[in-house]
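In terms of our numbering, the sequence shown opens at residue 31 and continues consecutively. Note that beta-carbon positions come from the ideal geometry of N, C-alpha and C, so glycine has one too. In this text, all values refer to a predicted model and were calculated from it rather than measured experimentally.
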Amino acid sequence: MILGVILASFLVIVIGVSQFTQSVKLTTTDTAVLQQFVEASYVKHFDDYYHQHPFERFRFATNYDQLSQWVRESTPEVESAVPNGIDSLGVVRYEIRFRKPLVSWRVNDQQYYVDTNGVTFKKNYFAEPTVAVVDRSGARVEQGTAIASSRLLSIVGRAVALATEKGVKVTQIEIPSRSMRQVYLHGDGIPIVRLTTDRGVEYLITDMERALSYFKAKN
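Right under this line is the structure:
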């Protein structure tokens, strides 16, 4: 009986040690990432979480969704933190996935990036987006929250793509201060084009092409 208790206790200890997270190792597998991230600057946010939730250092008790949410709120450029196996005894690997910018977004001389979900962040690990948005709407920006609807971002992205197909090199998209239904398209060698967001983008760009062709023909 004593031997059984000792063996059972030893087994519990072994399982506890094998499940315990002493530290974390961070990796990213996205080949599009262009610069090395500083691992220590992200590890400290995991440490802060475990400090607040000490029992969750045991992996069977870890709320991974809550942990990922904590890291996202602490570092808005992180889209998710996903457990990715064991690196060594007590060391757990996490894969962090960074947000990919759809556009760069400038508000009050502050540079932000916005992903496809409209979420803003400041640190970009990918190639600089080709579309720059200057926001004069006066909207308040907080990192990690949505500054633009997915519909508006879709309109901006589609308008730039279609304008490029028509031979217009878009240099900037401007959101004016006194209109909620317009965006201004700036391009090389063309006047500013005001696009209304309540119409189909294809119709808008077709009208733009016709207008520019008319102005060119009439000098």
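- Straight through space, the alpha carbons of R224 and D237 are spaced by roughly 11 Å.
- In the three-state DSSP reduction, L56 falls in the strand class (E or B).
- Between V54 and F76, the CB-CB gap stays under 7 Å.
- Closest in C-alpha terms to R89, from the list S134, T105 and I116, comes I116.
- Within the region 136-167, no complete alpha helix (DSSP H) segment of 4 residues or longer occurs.
- Rounded to the nearest angstrom, the gap between the Cα atoms of R188 and H83 is 44 Å.
- Shortest Cα-Cα distance from V200 to any of R229, Q212, G219 and Q65 involves G219.
- Within a 10 Å sphere around the beta-carbon of N147 sit fewer than 16 other beta-carbons, which makes this residue exposed.
- Of the residues assessed, G197 falls on the exposed side of the cut-off, its CB having fewer than 16 other CB atoms within 10 angstroms.
- Under the 8 Å Cβ criterion, the region 117-126 does not count as touching the region 147-159, having fewer than three qualifying pairs.
- Here D228 carries a coil assignment [DSSP, helix/strand/coil].
- Take the alpha-carbon of D145 and the one of G174: they are about 10 Å apart.
- For A38, the three-state secondary structure derived from DSSP is helix.
- Around L242, the same chain offers I220 as residues with beta carbons nearer than 7 Å, after the five sequence neighbours per side are excluded.
- The secondary-structure analysis by DSSP pairs E125 across a beta bridge with T57 and V112.
- If you ignore the 5 residues before and after S98, its C-beta comes within less than 6 Å of the C-beta of S110 and A111, all in its own chain and listed in chain order.
- By DSSP's assignment, I203 forms a beta bridge with V163 and L215.
- Going by beta carbons, V137 and I185 fall outside the 7 Å limit.
- Within the DSSP bridge table, the entry for F88 names F50 as partners.
- Rounded to whole angstroms, the separation of the alpha carbons of R87 and L56 is 16 Å.
- Distance from A162 to Q202 at the Cβ level is roughly 5 Å; contact confirmed, criterion being Cβ atoms closer than 8 Å.
- Y142 and F50 have their alpha carbons spaced roughly 38 Å apart.
- In this model, G168 and W100 are separated by some 29 Å (Cα to Cα).
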